[in-house]
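Residue numbers (my numbering), protein chains in the order written: chain A, 81 to 394; chain B, 81 to 394.
Below you can see the structure in the form of structure tokens.
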């Protein structure tokens, strides 16, 4: 069978035909007309699917279903996107609309962090595992949780907002307005703040010089650390400790087989996996009696959105 | 059908015959011979069941299964108690042993906090809900998590150790040796420490006087608060904030219909439910878009162990 995965982003919408082994047969992209009426955005998606199938000589009857991953708050069971910060969805019954527009019966939708976690669990870093937790470290901290092979979404899909757990009473303010959340320590945004603070305190460090030259990025702090800069090393150490605390909290609740790191920082590979693995193995509850929990970086990268969305209907 | 629930404690083992509506038909108790060889402890349980059935004229063939709740680390799927702090279980295949001793085929075992959560979800404070999280505030903080009507136990039942999530970086040392865990703030033990600290700082307070008279307890601090003692009021306020932080963390991950408080402190009823409900409703992520999460105290009380264990085989 063939499945379609739709990855909705603020800039582009990607569609791909995905096979049962998780490989992408073909894909196609359109710009997101984000401020357009929501029904018209869904119409664009239907047209994108039509184009993709036609260009590749695939019949609609070969498609077993369409999965959609969207940023924002999604009510999975009802097939509704409740709202999305950057795209004009508001209680949009996207599953029903897309079904009407395409004639394909099996259409499902979930939050993009959930789709990524499902994709990684079936075909990526968590392949073979039944229980995984994925932290996507980006503007915020997204969590995707798979329990016994199924996405955990909570009552009316309102759960899995796992960036918003308090890890430090009275700590820095989170994007949501509350204090001391994991997101305020472990997101890519938080890392940028931590780098900025270090640069201000140590204007003569290699880190400060490189940031002045290349601008702020996760890459610059890892590069400077590699070159022996102590200031960069301390920033990385502290940041990874925060990420580690988040991982251990989730490990103690879910005891998954694999903890997966997603987001741009996952490109650092072993630079982050090794210290995080050590941190988790040392700090997880009952480590002496229980199987080791593997820490891994996401492997599906740019295709994660398409593959993960397709997994919703597999 | 009839089910047997076994509630293993450090002092006594209770057995009860439970009906499908969660009511207990009859029960019987023996002292726990905690340092005895583990096989003999299981033999005691088999004898307890025999006695219970005979005394009440119930035939074994009327029993659809036996559920066991035990403190400690339990490997549910394998029916094994890995270890228990106060009872001499060590990789004890209790389900198989009890099946051999009683001839009853369907025997299951889980951690006692899990059983309590399952019992409360089916017949107590969470009745009618499919998703609940129960925090049992005792010596430690136990968590029992029900997702879609099923217990969440993690890979090899090593999860749901939810007292051991960091809520305050570098905070006080937890029973497990790590710092800043929820358990170190929200357990009954932690409340006792918080009362002791307050008494030392305010030796002239009503709280200090009452503690000197009655000794340390949760009840004394709530009673003093009731009588207008500011010191007691502050202790209660701060403690409930810690419990609230734990509840909100779990709410943001699971978005359950009901958050349940168990342990001795749940006898305080509305004294704790009202402020905790306010705290959760104010602080849960996306409260403005999502259904309200109810906070409730456990209702099964002393029978929770028996009923909850029986739920394992219902």
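Backbone N, C-alpha and C fix where the C-beta goes; we use that ideal spot for every residue, glycine too.
Count the other CB atoms within 10 Å of the CB of residue i; is the residue buried (16 or more) or exposed (fewer)?
| i | result |
| --- | --- |
| residue 290 of chain B | buried |
| residue 383 of chain B | buried |
| residue 369 of chain A | exposed |
| residue 214 of chain A | buried |
| residue 235 of chain B | buried |
| residue 151 of chain A | buried |
| residue 254 of chain B | buried |
| residue 165 of chain A | exposed |
| residue 194 of chain B | buried |
| residue 222 of chain B | buried |
| residue 136 of chain A | exposed |
| residue 185 of chain B | exposed |
| residue 200 of chain A | buried |
| residue 217 of chain B | buried |
| residue 198 of chain A | buried |
| residue 133 of chain B | buried |
| residue 350 of chain A | exposed |
| residue 159 of chain A | buried |
| residue 208 of chain B | exposed |
| residue 250 of chain B | exposed |
| residue 298 of chain A | buried |
Near residue i, which residues of its chain fall below 7 Å by C-beta distance, leaving aside the five closest residues on each side in sequence?
| i | result |
| --- | --- |
| residue 153 of chain A | 162 and 163 |
| residue 325 of chain A | 247 |
| residue 128 of chain A | 93, 95, 108 and 110 |
| residue 181 of chain A | 122, 123 and 126 |
| residue 348 of chain A | 302 |
Whose C-beta lies closer than 8 Å to the C-beta of residue i among residues of the same chain, with five residues either side of it excluded?
| i | result |
| --- | --- |
| residue 203 of chain B | 101, 102, 380, 387 and 391 |
| residue 287 of chain A | 275, 278, 279, 300, 301, 304, 309, 311, 312 and 315 |
| residue 357 of chain B | 374 and 375 |
| residue 219 of chain B | 255, 267, 268 and 269 |
| residue 232 of chain A | 225, 226, 239 and 240 |
| residue 372 of chain A | 361 |
| residue 258 of chain A | 244 and 246 |
| residue 307 of chain A | 286 |
Since residue i meets chain B, which of its residues come closer than 8 Å, beta carbon to beta carbon?
| i | result |
| --- | --- |
| residue 162 of chain A | 369 |
| residue 425 of chain A | Because chain A is modelled from 81 through 394, residue 425 of chain A falls outside the range shown and cannot be assessed. |
Among the residues of its own chain, which have a CB less than 6 Å from the CB of residue i, if the five just before and after it don't count?
| i | result |
| --- | --- |
| residue 172 of chain B | 118 and 161 |
| residue 366 of chain A | none |
| residue 205 of chain B | 340, 376, 378 and 379 |
| residue 177 of chain B | 122 |
| residue 363 of chain A | 328 |
| residue 146 of chain B | 84, 184 and 187 |
| residue 88 of chain A | 150 |
| residue 229 of chain B | 210 |
| residue 106 of chain B | 97 and 136 |
| residue 323 of chain A | 266 |
| residue 156 of chain B | 190, 233 and 237 |
Using a Cβ-Cβ distance cut-off of 9 Å, determine whether residue i contacts chain D.
| i | result |
| --- | --- |
| residue 106 of chain B | Absent from the structure: chain D. Protein chains present are A and B. |
In chain A, which residues lie with their C-beta within 8 Å of the C-beta of residue i?
| i | result |
| --- | --- |
| residue 241 of chain B | 332, 333, 335, 365 and 366 |
| residue 249 of chain B | 247, 248, 251 and 325 |
| residue 176 of chain B | The premise fails here: residue 176 of chain B is roughly 20 Å from chain A at the closest Cβ pair, so nothing lies under 8 Å. |
Residue i versus chain B: which residues are under 7 Å apart at the beta carbon?
| i | result |
| --- | --- |
| residue 238 of chain A | 335, 366 and 370 |
| residue 329 of chain A | 245 and 246 |
| residue 153 of chain A | 366 and 369 |
On the premise that residue j lies in contact with residue i, defined as a C-beta separation below 8 Å, what is that separation, rounded to the nearest angstrom?
| i | j | result |
| --- | --- | --- |
| residue 188 of chain B | residue 144 of chain B | Rounded, the Cβ-Cβ distance is 11 Å, inconsistent with contact. |
| residue 389 of chain A | residue 225 of chain A | With a Cβ gap of about 17 Å, residue 389 of chain A and residue 225 of chain A do not count as contacting. |
| residue 196 of chain B | residue 385 of chain B | 7 Å |
| residue 90 of chain B | residue 167 of chain B | 6 Å |
List the residues of chain A whose Cβ lies closer than 9 Å to the Cβ of residue i, in chain order.
| i | result |
| --- | --- |
| residue 258 of chain B | 328, 363 and 365 |
| residue 194 of chain B | Chain A residues near residue 194 of chain B: none, gap ~13 Å exceeds 9 Å. |
Along chain B, which residues have their Cβ under 9 Å away from the Cβ of residue i?
| i | result |
| --- | --- |
| residue 211 of chain A | 234, 235 and 239 |
- Determine contact between the region 292-305 of chain B and the region 320-340 of chain B, defined as no fewer than three beta-carbon pairs at a distance below 8 Å. Too few Cβ pairs lie closer than 8 Å, so no.
- Query: How do the region 318-331 of chain A and the region 259-277 of chain A stand: do at least 3 beta-carbon pairs fall below 8 Å, yes or no?
  - Reply: Touching, yes, given that three or more Cβ pairs across the two stretches are closer than 8 Å.
- Message: Across the region 322-332 of chain A and the region 260-267 of chain A, are there enough close Cβ pairs to call them in contact, namely three or more that are closer than 8 Å?
- Response: Taking one beta carbon from each stretch, the region 322-332 of chain A and the region 260-267 of chain A have 3 or more pairs nearer than 8 Å; the two touch.
- Is there contact here, the region 118-130 of chain A with the region 166-183 of chain A, by at least three beta-carbon pairs under 8 Å? Contact holds: three or more Cβ-Cβ distances are below 8 Å.
- Message: Using 8 Å as the cut-off, can you tell me whether the region 237-253 of chain B makes contact with the region 278-287 of chain B, which would need three or more C-beta pairs spanning the two stretches below that distance?
- Response: With a cut-off of 8 Å, the region 278-287 of chain B and the region 237-253 of chain B do not count as touching, because too few Cβ pairs lie within range.
- Task: Count the C-beta pairs between the region 97-116 of chain B and the region 109-117 of chain A that are closer than 8 Å, then say yes if the count reaches three, no if not.
- Result: Judged by Cβ distances under 8 Å, the region 97-116 of chain B makes no contact with the region 109-117 of chain A, as fewer than three pairs qualify.
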